[in-house]
Amino acid sequence: HIVRLEDYLPSDFLIDRVELDVRLHPTATKVTATLSMRPNPAGRSDVPLILDGDEVNLKGIALDERALEAGEFEASPQSLTISQPPQHPFKLTIETEINPTANTKLMGLYRSSGNYCTQCEAEGFRRITYFLDRPDVLAVYTTRIEADREEAPVLLGNGNPVESGIIEGTGRHYAVWHDPFPKPSYLFALVGGRLGKIAKPFTTMNGREVEIAVYVEPGKEDRAGYALDALERSMIWDERVFGREYDLDVFNIVAVSDFNMGAMENKGLNIFNDKYVLASPETATDTDYANIEAIIAHEYFHNWSGNRVTCRDWFQLCLKEGLTVFRDQEFSSDERSRPVHRIAEVKTLRSRQFLEDASPLSHPVRPNQYREINNFYTATVYEKGAEIVRMLKTIIGDADFRRGMDLYYDRCDGTAATVEDFLKAFADVTGLDLSHFARWYAQSGTPRVEVRGHYDGTTQTYRLDFKQQTPPTPGQPTKEPMVIPVVLGLVTQDGQRMEAKCERVNSRGVFLLDKTEDSITFTGVSSRPVPSVFRDFSAPVKVSLDLTNEELIVLLRHDADAFNRWQAAQTLAMRTLAARSTGVPVSEDAMASLSSAFKGFLEEAALRDPAFAALVLSLPSDADIAQEIGQDVDPDAIHHARKELRGHLGKNCFEKLADFYHSLAPAKTYSPDAASAGRRSLRNAALDLLAAADPQAGEKLASKQFETATNMTDRLAALSVLMTIPGSLRESAIASFEERYRDEPLVLDKWFSLQAAIPEDTTVERVQRLMEHPAFSMNNPNRVRSLIGSFAMLNQVQFNRKDGAGYAFLASIVLRADELNPQLASRLLTAFSSWKMMESTRRNHARIALQSIAQKPSLSRDVGDIVNRSLEES
Ligand code: ARG
Ligand code: ZN
C-alpha cells in the first residue's frame, strides 16, 4: 500500500481529550484509553470510525460507558472499526493488553534493561491502543501510570505531575501526569523504572520556574552532567536567538539503552538513546560530547519546532526536522566554532545526503509518496531540509528571517502545519514570491553548478558564467532550474580581498541563480581575480569550478571565507585522489606542489585554529572519493591511492607534524570545550599522518599514547591508528581495551566499530567472531550499528569485497535483524545505496545479495520497501 500526499484528507473524527490508565507489567500491561471524540466538522459525515492498531490485543470496548456488542464493532490487530459511530460528541473506552518484554521492534511500549519506555513516532502509539494515529489529531492527555514499586519506583509522563500515591497492600504505586498542550499521539510518552536522577532549577525569560532533569541508569548520574548543562544552554539560547520559552513546570530527559534512533522529543519527556546522554572523559570522545550537545538541543528545540507547531501529515516531516536540525546547527555554531561546525555539517551532508541523492533511494525533501514512513527519517529530510532553511535565511537576511519565524510561530501555534504555511510566513514578511524557491522541497537530486570565469583586462571586467543542471532521479526524469543563492567574492592573485562592483550581487554578497544559465559581470577589476564562490557552502549543490591548483592554493592561504579555505584543500587533494584511483597519472610536480601547499598551510596557519587545521588534514574519505568518481568504482584502488597520499603528505610534512604532536601534549585535566577538543583533534590528525608516513614510528607513538591516555578521545585515536598497522601490538591493544572496558557497553561499541573497519581480508571473519562476544546482542541497536553498521558503512574495501563476501554477509544479517527489529534492519540495508556506482563484478554481487533479500517471503514493510527501491531500474 502506498500513501500519497495528494490523497490527504482531514480526519473524519477528532479526539479532544485522552485519558490513559496504564498498569505496567512485564508481559501483560493493561491499558485503558478513554477518548473524548466528536465528528470533525471539516471531515466527511456518515462514514465509519476506523482506528489504527498494530499488534494490539483488544480486551474491552465501550461507547459512552455502554459495552459494545459483537456486531457493533470489528477488531483486528491492525484496526478497530465502528461502522455506525455517533454523529455527536461521544466517549470511547478501549481496553488493550500488551507485552512490553516481547516488543523487540522498540516501537510502542517496550522494556529496555528492565525499564519501561515508549517510542511513538511515527506510528507507535497504535501499538499501545487503537487510535487516530496521525499527526493532525491533537488531544489533551491525562495519563495515570501504575507499577510495582520495586520494579518501577520512577513513573514519568508528558506534561506536569499532578498526583501520585501508593496503592496499599499491593506493592504498587501510581502517578498521574497532565499535559495541557494539545498534541498528536506521536508525542506521547511514558517511562517507568529504576532510575537515578540529576536535576536543577531553571527560570525562563518570563519568570516561569521549571525543574529540568536527566534520568539515567542508577550509578551513572555522574555521567549525566554534560547533558543537563547542554539542556540549560539550549533553553537559554532559544530564548535569546528565537524568543522561544519553555512552557511546562518540568522538563525531563530519560536515557535508555535500547533505542532505534538518536532521541525523541515527546512533550516534556524526551527519551534518549543513552549514547547521546552519558559522557565522562574516560568513556566519551570529543565527538560524543559534541553529539550530545547537538542532540539535547535538537530535541529541546522541537518543543517549538515540532510540538507547539506540529506537522499536518508525515509528508511534512521536514517542516519539523529540517527546521530543527537548522536550529541545532546554529546552536552548536554559537556554542563552538562557527566555521569548524559548518565544515562538519557539510562533511555529513555530502557523505550521507549527496550519497542518498545519487542512489536509487533519492527522494525529495518533502516526499510525495511512501510505503513505510520510518524509511523517510533520512539525511535528505533532515540535513537537506536544514540547508533549505539556511538558504532561505541567506536569501532574505537575518532580520527578516527572525520576523518570518515569529510570524510562523504566531500563526501556527497549536496547529498541525504544512511546508506551505512555513513559506507563507516568510513570503508575508518580505513580500517575496517564494513559489520558485519552494521547488527545493519537491525536486530531488543534487544540482550541479558549473562556474566559469572570464577576465577582460582591457575593460577591467570579470564575468562569471553559471550553468545549473540536476540529474534525473527515481520518478523525476526531467528537472527544472532551482533558486540557488551563491555567496561569493573575488580575491586577488596575491590573496587580497578585491573591491569590484556587480549590481547582481547584493550587499550581503549574494547572487541568486534561478535560471539554467546566467552570467554576472564585475567592473573595476584591475587584475585577474580568483573567484571564491558558494562561500560558507551557501547551497547544497555540487560545484565545478575551473581553478588551477595555484589558484586553489591562493584560496587555501588567503580566502576570507574559512569554509572555502577548507574546500580549496579538499579540492586539491580530491583531484589527486580521484586521478590516482582511476589510473590517471599524477606528475611528480603536482604531488610536490600539493605537499608544499599543505606544508605551507601547517607552517602558517595550523596553530591559529587547530580544529580547522585538523579538518584540512583529514583528506576526503574512501567513500567521498568513490562518490566523486561516481561510476565503475574500484574501492581497492581508492583505498590504495588514499593511503599513498597520506603517506606522501606525512613524509613531506613530517617535522612539522612531529612538532605539533609534541607541542600539543594533552592538558592536565580534560575539558570537552571546543578549543581543547580542537587541539586534541590536530594532535591526533598529526599522529595519523605520521603513522601513514612511517608505520614503525607511528606504531610506537600510538602504543605509548594508547597506554598513557587520560581520556577516551586520545585513547581511541591511538587505537584507531594502531588499527591501520597489522601486528602483535595492535592485537594486544585490542585485548587490553576489551579488558579495561568489559563492563562499559557504550565503550565496547567503539571497540566493535574500530575492528569492523579494519581494511583487511580477515575482517568479515573477525566481525562474525565478534558477534559471538558476550557484549554483543542482535537485540540492541547500538551494538548492531557499531559492529555491523560500521563494517558496512565505514569499511569500503571489505564491505565491497570483489568476491561479494561483504555483501552476502550484510544481507544475511539484515534478514536476521528483520525478524527482531525491522527499523534497524532497513537502516543497515541502506549501506547498499552505493551499489550501482561499483564496477561490474561488485555490482553483480551486490545485485545478487539484494535479490536474495527481496526473495524472502515474510519481509517487513521497512526492508521490503528499501530493497525494492534499491533494485528498481531508473
Ligand atoms: N523525531 C525524532 C528526532 O529527530 C526522531 C524519531 C524517529 N523515530 C522513528 N522511529 N522513525 O528527533
Ligand atoms: Zn528531530
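Reminder that position 36 of the sequence shown reads as 42 in full-length UniProt numbering, one-by-one numbering, no gaps.
All residues carry an ideal CB built from backbone N, CA and C; glycine is no exception.
If you check the CB distance, Cys-317 and Ala-423 come in under 8 angstroms. The region 88-107 makes contact with the region 34-48: 3 or more CB pairs, one atom from each, lie closer than 8 angstroms. In the three-state scheme derived from DSSP, where H, G and I count as helix and E and B as strand, His-184 is classed as strand. For Arg-848, the secondary structure class from DSSP, reduced to helix, strand or coil, is helix.
As computed with DSSP, Thr-529 is found in a beta bridge with Thr-467 and Lys-507. Listed in chain order, the alpha helix (DSSP H) runs fully inside the region 510-592 are 555-564 and 568-587, counting runs of at least 4 residues. A direct Cα-Cα distance of roughly 37 angstroms separates Tyr-122 from Asp-13. Put simply, the backbone Cα of Asp-439 is about 27 angstroms away from that of Leu-15. Here His-7 carries a coil assignment [DSSP, helix/strand/coil]. Here Asn-297 has Tyr-282 as same chain residues with Cβ atoms under 7 angstroms from its own Cβ, once five neighbours each way along the sequence are excluded. Secondary structure of Asp-767 (DSSP, three-state): coil. The three-state reading of DSSP puts Arg-239 in helix, counting H, G and I together. Shown here, Pro-345 sits in a helix according to DSSP, grouped into three states.
Contact annotation: Val-387 and Leu-329 have beta-carbon atoms that are not nearer than 8 angstroms. In the same chain as Ala-579, and ignoring 5 residues on each side of it, the C-beta atoms closer than 8 angstroms to its own belong to Leu-600, Leu-625, Pro-626 and Leu-651, in chain order.
Taking 7 angstroms as the cut-off, the C-beta of Asn-380 counts as close to a heavy atom of ligand 1. Shortest Cα-Cα distance from Ala-81 to any of Leu-55, Glu-71 and Asn-105 involves Leu-55. For Leu-361 and Val-160, the gap between their C-alpha atoms comes out near 43 angstroms. Here Ala-762 really is in contact with Phe-797; their C-beta atoms are around 4 angstroms apart, less than 8 angstroms. The residues Phe-528, Thr-529 and Gly-530, in chain order, have a CB closer than 7 angstroms to that of Lys-507 in the same chain once the five nearest residues on each side in sequence are set aside. Residue pairing by DSSP places Gln-475 opposite Arg-454 in a beta bridge. Judged by DSSP secondary structure, Ile-100 falls within the beta strand (DSSP E) whose first and last residues are 96-104. Fewer than three Cβ pairs drawn from the region 344-358 and the region 839-851 lie within less than 8 angstroms of each other, which leaves the two stretches out of contact. In the three-state scheme derived from DSSP, where H, G and I count as helix and E and B as strand, Val-143 is classed as coil. When the Cα atoms are used, Leu-835 and Ile-872 turn out to be separated by approximately 7 angstroms.
If you ignore the 5 residues before and after Thr-35, its C-beta comes within less than 6 angstroms of the C-beta of Ile-104 and Pro-106, all in its own chain and listed in chain order. Pairing Phe-443 with Val-489 gives a Cβ-Cβ distance under 8 angstroms. Remark: the shortest separation between the CB of Glu-389 and any heavy atom of ligand 2 does not fall under 7 angstroms. In this structure, Ala-811 lies near Val-770, with their beta-carbon atoms less than 8 angstroms apart. Across the structure, Arg-571 and Leu-583 are spaced so that their CA atoms are roughly 19 angstroms apart.
Straight across, the Cα-Cα distance linking Ser-734 with Arg-775 is about 18 angstroms.
Distance from Leu-275 to Val-197 at the Cβ level is roughly 7 angstroms; contact confirmed, criterion being Cβ atoms closer than 8 angstroms. If you look at Lys-390, you'll find it isn't in any alpha helix (DSSP H); DSSP assigns it neither H nor E. With respect to the 8 angstroms criterion, Asp-334 and Ala-300 are classified as neighbours on the basis of their beta carbons. Counting along the chain, Ala-39 sits inside the beta strand (DSSP E) bounded by residues 35-45. Secondary structure of Gln-502 (DSSP, three-state): coil.
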